[in-house]
Structure formats: C-alpha cells, structure tokens
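Asks:
In the working numbering, the protein residues as written are -19 to 202.
#1: What's the gap between the Cα of residue 269 and the Cα of residue 162?
#2: Buried or exposed, going by whether 16 or more other CB atoms sit within 10 Å of the CB of residue 147?
#3: Check residue 137 in the structure and name its three-state DSSP category.
#4: Any idea if residue 78 is buried or exposed, counting beta-carbon neighbours within 10 angstroms, 16 or more meaning buried?
#5: Between which two residues does the alpha helix (DSSP H) carrying residue 95 extend?
#6: Note down, in chain order, each residue of its chain lying with its Cβ closer than 7 Å to the Cβ of residue 182, except the 5 sequence neighbours on either side.
#7: Within 10 angstroms of the Cβ of residue -12, are there 16 or more other Cβ atoms? Answer buried if so, exposed if not.
#8: Does the segment 114 to 123 come close enough to the segment 133 to 151 to have 3 or more Cβ pairs within less than 8 Å?
#9: Residue 155 to residue 14, Cα distance in whole Å?
#10: Is it a yes or a no for the segment 43 to 56 touching the segment 83 to 94, going by three-plus beta-carbon pairs under 8 Å?
#11: Tell me, please, which residues DSSP counts as bridged to residue 242.
#12: Does the separation of the CB atoms of residue 3 and residue 69 fall below 8 Å?
#13: Please classify residue -17: is it buried, with 16 or more other beta-carbons within 10 angstroms of its beta-carbon, or exposed?
#14: So, for residue 61: in the same chain, excluding its five sequence neighbours on each side, which residues have a beta-carbon less than 6 Å away from its beta-carbon?
#15: Given residue 193, which residues of its chain have a CB within under 7 Å of its CB, disregarding the five upstream and five downstream residues?
#16: Whose C-beta lies closer than 7 Å to the C-beta of residue 106 among residues of the same chain, with five residues either side of it excluded?
#17: Could you pull out every residue in the same chain whose Cβ sits closer than 8 Å to the Cβ of residue 95, ignoring the five residues on either side in sequence?
Next comes the structure, spelled out in structure tokens:
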C-alpha cells in the first residue's frame, strides 16, 4: 500500500469550474484530511497492520474533538447533497440554493468545516515552512489565527490540551511517509512535494469559499 497521501483524494484533484468547487470531490478530499486525525486511517490500514487498535497520525485522543467536528460537518453537507443533488453540484450552488430555508444546516456546516480545514492547513503549512518547529508550536500558532476567535472559554481549554498533546514532528512525518504493508517509505523530498501541493490546493479552496461567504453574507445568523 502506498503512503497515506497517495491513498486519499488530494485537494489538488478537486475540480473547480465557473460554477464553483465540485461538492462530491471536495467531500472526498475532506474525508482524507479527517484521516489525519485517526478514524479513516484506522479503517484503511487495519487489515494490513493486523492490530486491535491503531494510533492515529496525530497520536492523541485529545484531537478527537477536531475529528468529530470535521466529520459532523461533512455529514451535514452529504445529507444536503443527497437530498438535492441537482442543486448541490458545487459548494457555491449548495449554499445558494439553501439560502431561503429557515435552518440552513449545510451552509452552517460548511462554514465550520472551512474553519476546521483552515486550522489544519495552516498548522501543517507552518510545519512545512519551519523544518525545526515541533507540531505543538505549529498547531498552536494556527489555532491563534483561525479557530480561537470563534471558541468560548471551555472549548479553548480543550484545544489547548490538544495542542500540547501533538506528537513529535519526526514521529508524525515518519507515519505520514510510511507504507503500512512493509514497502519502502516515501522519500522526504517526495513527501514534501505531495504535502505542499495538497496544502496549497486546500488553502486556495478555503480562501475562495471564505470570499464567497463574505460577499454573499452567507455566514450571518449563525
């Protein structure tokens, strides 16, 4: 089996047209990001590792709050897509076609999903930009400029614990590059190339959708 980033859909492969960001492909790529926090990775690799439990890539149960939030919001979007696929082909169409409804569950879900994706993306970009920086510092810096302003005192405390519980940088990158079936690990050069491409595409999508929300005032009322 190939290393992790080769087993999931890259954000670089999510189609973007004049109509917007392809919903199905975006959600598939988002599922791959959730795997960084454990559950999806466990499912992908369980048979090959032949273990009763598998440590997630970030190695901490504290990150379960991040994983749970991402998965919950992905589910809200999939539910909306399944209910109205012809009106939800792109993220922009999904939001636009829900704006007249009372709850706008998917619109709120996407808003929070984008925030969670931005947090993770900026943290890993921090780590990529500073090769000597440990993940705890990279994620803490990202939290300060992404999610913190939206959280109350209790949630800030939960995230504070998660930041401190980040694994060592070397361990995380080794797991990200490893082939669980026993084959050769990806080279550091290859890993950096793929990760940078993955993160750059994710950052572009997040920026595009944030601008869309701001222009249309779609985040108001939440």
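We put the beta carbon where it would ideally sit given N, CA and C, even for glycine.
Replies: According to the structure data:
#1: The structure shown does not extend to residue 269, since the chain spans only -19 to 202, so no value can be given for it.
#2: Mapped onto the chain shown, residue 147 falls at position 167. Looking at its Cβ environment, which holds 16 or more other Cβ atoms inside 10 Å, residue 147 is buried.
#3: Here residue 137 is taken as the residue at index 157 of the chain shown, counted from 1. Correct three-state label for residue 137: helix.
#4: Here residue 78 refers to the residue found at position 98 of the chain shown. Buried is the call here.
#5: Sequence index remark: in the chain shown, residue 95 carries index 115 (1-based). The continuous alpha helix (DSSP H) containing residue 95 extends over residues 85 to 109.
#6: Here residue 182 corresponds to residue number 202 of the chain shown, with the count starting at 1. Counting only Cβ-Cβ distances below 7 Å, and skipping sequence neighbours, we find -9, 97 and 101.
#7: Indexing the chain shown from 1 puts residue -12 at position 8. With 16 or more other CB atoms across the displayed protein chains lying within 10 angstroms of its CB, residue -12 is buried.
#8: The segment 114 to 123 is in contact with the segment 133 to 151.
#9: In the chain shown, residue 155 corresponds to position 175, counting from 1. In the chain shown, residue 14 corresponds to position 34, counting from 1. C-alpha separation (whole angstroms): 15 Å.
#10: Cβ pair count under 8 Å is three or more, so yes.
#11: This structure gives no information on residue 242, because the portion of the chain shown stretches from -19 to 202.
#12: Translated into positions along the chain shown, residue 3 becomes position 23. Translated into positions along the chain shown, residue 69 becomes position 89. For the pair residue 3 and residue 69, the CB atoms are nearer than the 8 Å cut-off.
#13: Here residue -17 refers to the residue found at position 3 when the chain shown is read from its first residue. Around the Cβ of residue -17, a 10 Å sphere holds 16 or more other Cβ atoms; the residue is buried.
#14: Translated into the one-based positions of the chain shown, residue 61 becomes position 81. If we look at residue 61 and ignore the five residues flanking it on each side, its Cβ neighbours are 3 and 68.
#15: Counting from 1 along the chain shown, the entry for residue 193 is found at position 213. Only residues of its own chain outside the window of five on either side were considered, and among them 91 and 199 have a CB closer than 7 Å to the CB of residue 193, listed in chain order.
#16: Looking up residue 106 in the chain shown gives position 126. Excluding positions up to five away in sequence, the list reads 113, 118, 121 and 122.
#17: The count along the chain shown starts at 1 and reaches residue 95 at position 115. Taken in chain order, the residues that qualify are 126, 127 and 130.
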